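In this text, residue positions in the sequence shown follow the numbering used here: the first is 31, and each later residue adds one. Beta carbons are placed, not taken as given, at the ideal position from N, Cα and C, and that holds for glycine. Just so we're clear, the structure is a prediction, and the values are computed from it rather than from any experiment.
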Amino acid sequence: MIRRLPCRPRPQLGESLAGYATRLASVNCWTTAKGLAKDMCCKPFATLLRNSDKLRQELDSLTGHSDELNVCDTLHPLLLRDNERSFKYITLLKPRICPDCIIEHGIHYAVWQIAGLGYCEKHQYKLIQRCPACLHDLEWNEALLENRCDKCGEKFRGSSKDYLIIYTGYVL
Ligand SMILES: [Zn+2]
Ligand SMILES: [Zn+2]
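See the structure below:
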């Protein structure tokens with residue numbers, strides 16, 4: 031069954047599938063990816079999140095952007111494989127963000143979900159996974175892509191540079 035959404039922006043290189051689902055939801059007037067999945071896919075978003083092939087299929091059916099969907103969510107290509115190695119990684123289900131990247135690009139990057147990374151290479155910030163003001167976990171909703179908390183309205187900013195010092199110290 032063809033179920034195309036009226037607004038179908040293209041997925042971007044490195045964008046997470048869940049972030050893309052959230053962006054699609056937002057431009058088509060749902061406030062959450064959960065609402066979009068419920069109404070258009072008849073499946074809980076939580077179930078789709080656990081099966082990226084299924085989520086990709088659903089997004090393909092909603093947008094027709096098959097080619098782009100195959101390259102988006104490739105996470106950090108160097109972390110996936112090189113000529114001699116390939117390995118699996120653990121990804122988180124709840125979103126994490128770098129506020130400055132969200133402001134600059136307006137998309138959620140798949141690399142942020144890799145457990146064990148936890149910082150933005152470009153801005154050298156610790157990624158945010160809960161609102162610093164009300165401590166609610168971030169969710170896959172339009173507020174996430176607007177860089178604010180949907181519970182208390184707090185605008186997110188890059189977190190403490192202390193983390194950078196600790197991190198650099200650790201690496202050296
Ligand atoms: Zn960043
Ligand atoms: Zn909050």
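Going by the C-beta, is residue i closer than 7 Å to any heavy atom of ligand 2?
| i | result |
| --- | --- |
| A173 | no |
| K73 | no |
| C182 | yes |
| A140 | no |
| C59 | no |
| C37 | no |
Helix or strand or just coil, what does DSSP make of residue i?
| i | result |
| --- | --- |
| K185 | strand |
| N171 | strand |
| R86 | helix |
| Q154 | coil |
| I246 | Residue 246 lies beyond the stretch modelled for the chain, which goes from 31 to 202, so this question has no answer here. |
| T121 | strand |
| R126 | coil |
With a threshold of 7 Å on Cβ separation, who are the neighbours of residue i within its own chain once the five nearest residues in sequence on each side are excluded?
| i | result |
| --- | --- |
| C182 | C161, A163, C164 |
| K73 | A67 |
| L222 | Because the chain spans 31 through 202 in this model, residue 222 falls outside it and cannot be assessed. |
| I133 | N177 |
| Y50 | P41, L89, C102 |
| A145 | I120, T121, L122 |
| K84 | L78 |
Report, in whole angstroms, the separation of the C-beta atoms of residue i and residue j, which I expect to be a contact under 8 Å.
| i | j | result |
| --- | --- | --- |
| L54 | L92 | 7 Å |
| L47 | R80 | With a Cβ gap of about 12 Å, L47 and R80 do not count as contacting. |
At a cut-off of 7 Å, would you count residue i as near ligand 1, judging by its Cβ distance to the nearest heavy atom?
| i | result |
| --- | --- |
| H153 | yes |
| D130 | yes |
| C150 | yes |
In chain order, what residues of the same chain lie with their CB nearer than 8 Å to the CB of residue i, ignoring the 5 residues before and after it?
| i | result |
| --- | --- |
| I158 | R126, I127, C128, P129, L168, F186, S189 |
Here's a check: name, in chain order, each residue in its chain whose Cβ is nearer than 6 Å to the Cβ of residue i, leaving out the five neighbours to either side.
| i | result |
| --- | --- |
| F75 | A63, K64, A67 |
| N171 | T61, T62, D180 |
| A173 | D180 |
Taking Cβ to Cβ, would you say residue i is nearer than 8 Å to residue j?
| i | j | result |
| --- | --- | --- |
| L175 | S56 | yes |
| T52 | H138 | yes |
| R203 | G94 | Lying before the first or after the last residue shown, residue 203 is absent from the chain, which here runs from 31 to 202. |
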